[in-house]
Structures are given as structure tokens and as C-alpha cells.
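Notes follow once the structure below has been shown.
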Amino acid sequence: MRTITLIQGDGIGPEITEAVVKVIDAAGCDIDWDLQTAGADVIEKEGTPLPERVLDSVRKNGAALKSPVTTPIGKGFRSVNVALRKELDLYANLRPCCNIPSVKTRYDNVDIVVVRENTEDLYAGVEEKIDDNTAHSIKIITRQASERIAEFAFEYALKNNRKQVSAVTKANICKLSDGLFLDAARSVAEKYPQIQYREILVDNCCMQLVQNPCQFDVLLLPNLYGDIVSDLTAGLIGGLGVAQGANIGKNCAVFEPVHGSAPDIAGQNKANPTAIILSAVEMLNYIGETKKGLIIKNALFNTFRQGICTADLGGTYSCTAFTDAVIKNLQE
Ligand code: NAI
């Protein structure tokens, strides 16, 4: 029996968490869930949206499955998601983006992996109000973090039989910060002559992704561009409902969908649980349960092949009905 931290989140979090736990249990995975809560709901009781017990649990268990947590916009507490990644030094944000069978999209052969630096850049939260009409946000880029994420991207490419890594920056404008990121990527690329190394500016990259996404393989980006570009790549394969993600550090990892808490559909049984199910498959791979992971992935993909899908993909199935269909396919 393996204990895994389960962070339930808010918005659609509880609905998709219930779905993924049902699927994992139905697949016969021997997992004991250590349920942890975070976000606005715990502030009143514990004085912080990210209590130390959550961090301790992930450190102890080595892996967590997490659903989204709302971050107040423009005011209020700092992002729990950003803090979790920073506190646990989950420096690599891995977002594979691959077509899902039977989900109609503009392009058929999208198979891109976004590798996003997860600990610095504008997410360092160094902001200063100068006066009522001026605010500064500091973009922090270090050689150490840039080299570490570049190493991760090239090692990932090597281990997963990928051919190309593209470093994506705005180094023509942010000459010092993005220039440093690029310099680190170049020096790491030299150690991997078997992987093609390419550089592209983020604005051109977005245009190319929309026009001809199949030219890209692994994308290596600083934090902010990685956040934005991975939503774009999610759009190429059917949207946020199907986009999986993982935050990986040296000693532990947190698996979570790319999407947020979707307040517009929360509590309506409309959420697509695919993104968190695929994130859970990666978590199972991470803890060595690859067979179970593959069984779940096959059942999920067979569900799509049967034309079963939720409203975000044009279907009529609710979150629970879709989940039941996946479980039925597990048993066949
Ligand atoms: P969002 O990803 O929650 O929603 C964007 C759109 O996609 C909405 O129309 C939503 O209904 C749809 N959507 C997202 N996930 C879906 C799913 N599983 N099934 C069907 N439709 C889905 O992005 P938004 O609205 O910008 O953010 C809402 C909140 O989530 C914010 O507070 C944000 O800070 C937080 N957030 C949390 C993340 C995390 O916990 N890792 C990541 C991104 C955002």
C-alpha cells in the first residue's frame, strides 16, 4: 500500500477529485489517500491558505495528486499553487499535450511537451507599489534555475525518444533576464548533440503553434511564457478539460491538471475529469505503477472512442456519468 497526498482544492476541485479517486480505486490501485485541504476555506481556521501540514504530507509521501485551488485576482492571498511549487522546490512543470482519440481538433498529430520553469520569473512575487499610478513587478531569472530546467528538458527528451528542444524566450526585449535563460539553455544543449536545439521568440512561437504545431517537440520556457503557452497548446488538443500536468522536484512531485478551479461551472456536475485522470496516470507512472496507469489510460481513451464526452468537448455527459463510463471500460 502506497500513501499519496490528495489535495482537493475548490471550485470544480471536489467534483474532479471524487471522479479520479473512483477511477483509481476501480482500477485496483493499492493507494491510501492522505486527504489535505488548502486555499480560501482553510484560512479562517488555520491562518494561512497553505498550512505546513500540506507541505509535510507531500514531503513525507513523495507524491501528491492535486486539484485546482482558486487564487484571488488583483488582491487577497498569494497563489497556493505557486507557493506549493516554491516551498517544495518543484522546479519542473511538465505539460505533455497530445491528441486524444476521437476528440475533434484542428490538427491531428499534435505531440508537444511543454517544460516550464516553475520557481522564479514574475512568479517570484516581487512587486512594489511605487505610488497610486505606478507598480513594479520584478522578473527574476537565475543561471542556476535556468540550467536546472534546461537539463530537465534535455534529459526528458533523451529518455522519451524526443528529437528536438526549442528554447522559447523574449530575449530580444528582456536582454538580460531572458538572455541569461537562453545562455543557460545553450550551454546545456551543447551536452546533448543528439537532440536538435532550436531557439524561437515567444510571440512567433505562439503564431507558429497555431498555424503548424506539428513542427514542435519539447518546448523549454521560463515560468510566465510556459504558463501562457501551455494553455495555448491545451487548446490545440481539445481545451483545458484534457490538459494534464506535473510539478516535479528532486524529492517529490505534485500532479495536477493545467486548468484552474473553473468557478463558472463549479457545483454543476459539468467538469471534465480527463485532465486530472491523465495527471493521475502520470502519478502512477512516477510511483512505478505503470501497468495500472496504462489500464486507466486505455479505459479513458476507449470511452472517447465510444463517443462519450463532457460538454466542454461538445458531449452530453456529466462529470459523474463520464466517470462511470470510464469505470465500466476498466472492467471490460
Ligand atoms: P480555468 O482553467 O479555471 O477556466 C478557464 C475556462 O476553462 C472556463 O471556462 C472553465 O469552465 C473551463 N474549464 C477549465 N477546466 C475545465 C474542466 N475540467 N472541464 C470543463 N471545463 C473546464 O481558468 P480561470 O477561470 O482563469 O481561473 C479560475 C481560478 O483557478 C483562478 O482563481 C485561478 O487563479 C485558478 N487557477 C488555479 C490553478 C491551479 O490550481 N493549478 C491553475 C490555473 C488557475
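Residues in the sequence shown are numbered from 955 upward in steps of one, following the numbering used here. In this text, a Cβ means the ideal position worked out from N, Cα and C, and glycines have one as well.
Pick from the options that is closest to residue i, judged by C-alpha positions
i       : options                               : result
Asp1181 : Ile1191, Gly1199, Gly1192 and Asp1218 : Gly1199
Asp995  : Asp964, Val1069, Lys1117 and Ala1275  : Asp964
Gly1189 : His1213, Asn1205 and Val1172          : His1213
Tyr1110 : Ile1092, Val1142, Cys1128 and Asn1087 : Val1142
Pro1005 : Val1235, Ile1027 and Val1034          : Val1034
Leu1112 : Gln1148, Ile1084 and Thr1088          : Gln1148
Arg1013 : Ile1027, Arg1039, Gly1028 and Glu998  : Arg1039
Ile961  : Ala973, Cys983 and Asp988             : Asp988
Phe1031 : Glu1000, Asn1226 and Gly993           : Gly993
Asn1166 : Ala1125, Tyr1061 and Ile966           : Tyr1061
Val1280 : Ala1253, Ile1103, Phe1108 and Gly967  : Ala1253
Tyr1077 : Ile1066, Cys1051 and Ile1094          : Ile1094
Phe1108 : Asp1065, Lys1129, Tyr1146 and Leu1136 : Tyr1146
Asn1126 : Asp1157, Ala1138, Asp1065 and Ser1120 : Asp1157
Ala1265 : Ser1011, Glu1236, Asn1226 and Lys1124 : Asn1226
Gly1193 : Arg1049, Gln1098 and Leu1267          : Leu1267
Gly920  : Cys1128, Ile1066 and Ser1272          : With the chain covering 955 to 1286 only, the question about residue 920 has no answer from this structure.
Ser1011 : Cys1206, Ile1241 and Met955           : Cys1206
Ile1027 : Pro1217, Gly1261, Tyr1179 and Glu998  : Pro1217
Lys1204 : Leu1136, Ile1103 and Arg1007          : Ile1103
Asp1185 : Lys999, Leu1136, Ile1066 and Gly1261  : Ile1066
Thr1025 : Ala1138, Lys1245, Ile997 and Ile1191  : Ile997
Ala1018 : Met955, Ile1241, Leu1173 and Ile1219  : Ile1241
Rounded distance between the beta-carbons of residue j and residue i, thought under 8 Å
i       : j       : result
Asn1072 : Asn1047 : 4 Å
Val1080 : Leu1175 : No, Val1080 and Leu1175 are not in contact; Cβ-Cβ is about 20 Å, not under 8 Å.
Asn1177 : Glu1074 : 6 Å
Glu1082 : His1090 : 5 Å
Val1023 : Ser1215 : 7 Å
Glu1144 : Cys983  : About 42 Å; that fails the 8 Å criterion.
Ser1120 : Arg1152 : 4 Å
Asn1256 : Asn1223 : So it is not a contact: roughly 22 Å between Cβ atoms.
Whole-angstrom distance between residue j and residue i, CA atom to CA atom
i       : j       : result
Arg1259 : Thr1274 : 18 Å
Ile1250 : Ala981  : 7 Å
Cys1159 : Thr1096 : 23 Å
Lys1117 : Gln1150 : 6 Å
Val1208 : Gln1162 : 30 Å
Asn1239 : Gly1133 : 35 Å
Lys1020 : Gln990  : 9 Å
Val1164 : Asn1115 : 24 Å
Ile1231 : Ser1056 : 17 Å
Asp986  : Leu1009 : 17 Å
Ile1202 : Tyr1045 : 6 Å
Asn1063 : Cys1168 : 6 Å
Thr1270 : Val977  : 20 Å
Ala1229 : Pro1211 : 5 Å
Ala1197 : Ala1234 : 12 Å
Ile970  : Asp1085 : 43 Å
Ile1154 : Gln1285 : 46 Å
Thr1088 : Thr1277 : 48 Å
Arg1070 : Gly967  : 23 Å
Gly1001 : Glu1041 : 17 Å
Lys1058 : Thr1187 : 15 Å
Met1237 : Thr957  : 12 Å
Ser1131 : Val1122 : 13 Å
Gly1016 : Thr959  : 8 Å
Gly1195 : Val975  : 17 Å
Ala973  : Asp979  : 10 Å
Asp1171 : Arg1049 : 12 Å
Tyr1179 : Lys1029 : 22 Å
Gln1098 : Ile1092 : 18 Å
Pro1003 : Asp1043 : 18 Å
Ile1262 : Lys1124 : 41 Å
Lys1129 : Ile1191 : 33 Å
Lys999  : Ile1219 : 27 Å
Gly1247 : Met955  : 16 Å
Asp1308 : Arg1007 : The structure shown does not extend to residue 1308, since the chain is modelled only from 955 to 1286, so the question has no answer here.
is_contact[residue i, chain D] using C-beta, thresh 8 Å
i       : result
Asn1205 : The structure shown contains no chain D; it holds only a single protein chain.
heavy atom of the ligand FAD below 7 Å from residue i C-beta
i       : result
Ala1017 : The ligand FAD is not part of the structure shown, which contains the ligand NAI as its ligands.
Could you name the residues, in chain order, whose CB is less than 5 Å away from a heavy atom belonging to the ligand NAI?
-> The filter returns Pro1022, Val1023, Thr1024, Thr1025, Asn1035, Leu1194, Gly1195, His1213, Gly1214, Ser1215, Ala1216, Asp1218, Ile1219, Ala1225, Asn1226 and Asp1266, in chain order.
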